[in-house]
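Everything below concerns the one structure shown next.
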Amino acid sequence: MSIGEFVGMYLLSSLFWKWVISWGGAQWLEGWKSMLFLDWFAWSWNAEQIRLYAVVIWAFTTIFFLVGLFKPEWRF
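The numbering of the sequence shown is the working numbering, which starts it at 44 and goes up by one.
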């Protein structure tokens, strides 16, 4: 994967997590929609739990992105 594609995928992912955390996405995702967009175990979570999950996943995604910038074999 080229660096441009890798950066583009990270930016799209970051935009999604920003929407969940700050722009009302967590309230919209509450209920069965969280099972579709996040994972099967998230269907019973409230908005605050969804926001916490989003922060943790965004942090791990950022770490993976930074590692992938310097180690191209980690990009997939």
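Heads up, the beta-carbon is just placed ideally off N, CA and C, and yes, glycines get one too.
- Between Ala-90 and Gln-70 the beta-carbon gap is near 5 Å, inside 8 Å, which marks them as a contact.
- Boundaries of the alpha helix (DSSP H) around Arg-94: 90 to 113.
- In this structure, the straight-line span from the alpha carbon of Tyr-96 to that of Thr-104 is close to 12 Å.
- As the crow flies, the alpha-carbon of Ser-77 is around 16 Å from that of Val-99.
- Around the Cβ of Val-63, a 10 Å sphere holds 16 or more other Cβ atoms; the residue is buried.
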